[in-house]
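**Q** Residue numbers for the sequence shown follow our numbering, so the first one is 6 and each next one is one higher.
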Amino acid sequence: PVLVVDFGAQYAQLIARRVREAQVYSEVVPHTASVDEILARDPAAIILSGGPSSAYAEGAPGMDPALANAGVPVFGICYGFHLLVQALGGTVEATGVREYGRTDMRVLGDGGRLHDGLPTAHQVWMSHGDSATKAPEGATVTASTDGAPVAAFENVAQRTAGVQYHPEVAHSPHGQEVLRRFLHEIAGIRPQWTTSSIVDEQIAKIRDQVGTGRAICALSGGVDSAVAATLVQRAIGDRLTCVFVDHGLLRSGERAQVERDFVAATGVNLVTVDARERFLSALAGVTDPEQKRKIIGREFIEVFEQSARELTAQGDYDFLVQGTLYPDVVESGGGADAANIKSHHNVGGLPEDLRFQLVEPLRALFKDEVRRVGLELGLPETIVHRQPFPGPGLGIRVIGEVTQDRLDTLRAADAIAREELTAAGLDRDIWQCPVVLLADVRSVGVQGDGRTYGHPVVLRPVSSEDAMTADWTRLPYDVLERISTRITNEVAEVNRVTLDVTSKPPGTIEWE
Ligand code: XMP
């Protein structure tokens, strides 16, 4: 793999994704890994990520110069660029000239391998206080800015290079090309990480791990569990059984999407457990959001456990399939057994007598790769490009106590909003659009000749990259109008539609 050494910037995972977009497999390693540990992975190249703004700051992480001199191709970015320049004999100084954000850069001479043919003056994204004032011995300086005399250097014979700017962000329009040239042309790595190679590799790995055994998978209706299950099904066929728990907190059509569309696309063995009554009675009288989450999580595990017991009574199921993704693995320390149990759909707390080995075919993949694998495996678009939907479902979108009537009302309003957003072609522009029922709030309205006393719903359309931060989506007024008119006409209990215009932070995406 290409190893991205993470110096504590939020950009390391993004760099790894960009490397993979250049069809080269890549992983993130912490900067605390020793040179021996890193070299033991036999990296095809090493990329040093950005990090704190100054190498002179208190406690700033350093780098063993041996890493830069091990004969492995190395590329430095921002802070990693400073560390690389120093390790190779150049100079980095706190010049007092800072550059943040969009910056004009000049390509020098012929631009070298990395910048040859790019516009002589172009924009890059900068974020630095210190600057390299002297390039490493034997290296060529190929770009500069007002604040960074050495904005890029390369030494093709030594297979080292670096840039002061952030090539991984979209604000550096030629950044991906520069990364690609480093990987393919300077490091000499062949682009072989493709969706079909991922599928073949994962299927072979699953066959290896499961042998002639049997596996269980809990489907949530979301893309991760669907793709994980499909890969396992391709590998072991009928020896996989999927369990789908209908907790009654699903949106309109979601059960059918799993029972009909997913099964049609994959031919997977599916057991649906109808647990709607059970969840409703467990939620009776509960209004606190965290309490709701706990109850839904607990009930889910109990229901899943029950069906796992029934299945294991019929045959030996030794394996449990989980849709753990690479970002979870990195964030939980990246160790081999560091599966991070985030939502209740990752069934982590199973009792001792149900001891499964985990099969995690998505452990090495980013979300966009999972979607591409899903399409490659022939899953329907509706599943592959489904927007995020929380595990506790509509349970945390009925503000107040969850009852059957309230769920039905919310489901109807939500279905209309989704229909209209899809019809307007906006699904890919928004991250998700929760529809929230203010079940304990009443509002006065007028309909025909009569006064109504119903409930408001809130539309919460958001745009986001990763749900950590979000902005409210500026939906076209005519789309808002259609949603509002239809909901108030078609859903009897709702007489008011409101729009949430709060970014995150300070708001969260969900209301509860
Ligand atoms: P918030 O509301 O925290 O949501 O801004 C961020 C993202 O996470 C989803 N979400 C959840 N997903 N279980 C889940 O599986 C939960 O309890 C949960 N709460 C929020 C939310 O839909 C958004 O995509």
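All C-beta atoms in this analysis are idealised placements derived from N, C-alpha and C, irrespective of residue type, glycine included.
#1: Between which two residues does the alpha helix (DSSP H) holding Ala21 run?
#2: Rounding to the nearest angstrom, what Cα-Cα distance links Val112 and Lys372 in this structure?
#3: Under the assumption that Val204 contacts Leu224 (Cβ atoms under 8 Å), give the Cβ distance between them as a whole number of angstroms.
#4: Tell whether a beta-carbon distance below 8 Å holds between Val146 and Val155.
#5: Can you grab the Cα-Cα spacing for the pair Phe281 / Gln409, in whole Å?
#6: From the DSSP output, read off the bridge partner residues of Gln362.
#7: Have a look at Phe80 and Ala73 and give me their C-alpha separation to the nearest angstrom.
#8: Please report the straight-line C-alpha distance between Pro395 and Val441, rounded to a whole angstrom.
#9: Keeping to the same chain, check which residues put their C-beta closer than 7 Å to that of Leu380; ignore five residues upstream and five downstream.
#10: Would the beta-carbon of Ala137 fall within 8 Å of that of Val90?
#11: Rounded to whole angstroms, what's the CA-CA distance from Val97 to Gln28? Just pull it up for me.
#12: For my contact list, Leu443 and Pro466 are in at a C-beta cut-off of 8 Å; report their separation, rounded to the angstrom.
#13: Per DSSP, what kind of secondary structure is Thr490 in: helix, strand or coil?
#14: Rank Gly258, Asp251, Ala21, Asp229 by C-alpha distance to the C-alpha of Pro366 and give the top, closest one.
#15: My output table needs one value for Asp476: the three-state DSSP class, helix, strand or coil.
#16: Below 8 Å on the Cβ atoms is my contact criterion, and I expect Gly134 with Ala99 to pass it. Report the Cβ-Cβ distance as a whole number of Å.
#17: Is there at least one non-hydrogen atom of ligand 3 closer than 7 Å to the beta-carbon of Lys372?
#18: Buried or exposed for Met131, going by 16 or more other Cβ atoms inside 10 Å?
#19: Is it the case that the CB of Thr478 approaches a heavy atom of ligand 1 more closely than 7 Å?
#20: Can you tell which of Gln452, Ser448, Asp151 has its C-alpha closest to the C-alpha of Glu495?
#21: Residue range of the beta strand (DSSP E) that Asp151 falls in?
#22: Rank Arg256, Thr271, Asp109, Glu206 by C-alpha distance to the C-alpha of Gln238 and give the top, closest one.
#23: Identify which residue in Leu384, Thr200, Gly290, Ile194 has its Cα closest to the Cα of Arg265.
#24: Given that a residue counts as buried once 16 or more other Cβ atoms are within 10 Å of its Cβ, and exposed if not, what is Glu425?
#25: Looking at the unbroken beta strand (DSSP E) that takes in Lys509, where does it start and where does it end?
#26: For the candidate residues Pro439, Ser448, Asp454, whose alpha-carbon lies nearest to that of Val506?
#27: For Pro196, which three-state DSSP category applies?
#28: From Ser348 to Glu498, what does the alpha carbon distance come to, in whole angstroms?
#29: With C-beta atoms as the reference, is Gly1 less than 8 Å away from Pro141?
#30: At 4 residues or longer, and completely inside the region 197 to 231: list those alpha helix (DSSP H) runs for me, N to C.
#31: Considering only C-alpha positions, which residue in the set Phe12, Glu104, Val102 is nearest to Ile82?
#32: Starting from Val449, trace the beta strand (DSSP E) in both directions and tell me its first and last residue.
#33: State buried or exposed for Ala144, treating a residue as buried only when at least 16 other CB atoms are found within 10 Å of its CB.
#34: On the DSSP letters alone, give me the boundaries of the beta strand (DSSP E) that Ala1 sits inside.
#35: Using the DSSP secondary-structure output, state which residues sit across from Asn160 in a beta bridge.
#36: Which value, in whole angstroms, describes the spacing of the CA atoms of Gly340 and Ser201?
**A** Taking the coordinates as given:
#1: 17 to 26
#2: 35 Å
#3: At roughly 19 Å, the Cβ-Cβ gap does not stay under 8 Å, so Val204 and Leu224 are not in contact.
#4: yes
#5: For clarity, residue 281 is Arg in the given sequence; the question names Phe instead. If I take the Cα positions, the gap works out to 9 Å.
#6: Phe324
#7: 9 Å
#8: 13 Å
#9: Val389
#10: yes
#11: 33 Å
#12: 17 Å between Cβ atoms; not a contact.
#13: helix
#14: Asp229
#15: strand
#16: 7 Å
#17: Although ligand 3 was asked about, the structure shown includes only ligand 1 as ligands.
#18: buried
#19: no
#20: Gln452
#21: From DSSP, Asp151 is part of no beta strand (DSSP E); its letter is neither H nor E.
#22: Thr271
#23: Leu384
#24: buried
#25: Taken as a continuous stretch (DSSP letters only), Lys509 belongs to no beta strand (DSSP E), as it is neither H nor E.
#26: Pro439
#27: coil
#28: Unreliable positioning characterises Ser348 in this predicted model, as indicated by a pLDDT of 37, which lies under 50. The coordinate reading is nonetheless provided below. Ser348 and Glu498: Cα-Cα distance of roughly 32 Å.
#29: Nothing can be reported for residue 1, as the shown portion of the chain is limited to 6 through 517.
#30: 200 to 215
#31: Phe12
#32: 448 to 452
#33: buried
#34: Not covered by the structure: residue 1. The range shown for the chain is 6 to 517.
#35: Thr165
#36: Since pLDDT at Gly340 reaches only 41, below the 50 mark, its modelled position is unreliable, and the value read off the structure follows with that caveat. Each residue's Cα considered, the two are about 26 Å apart.
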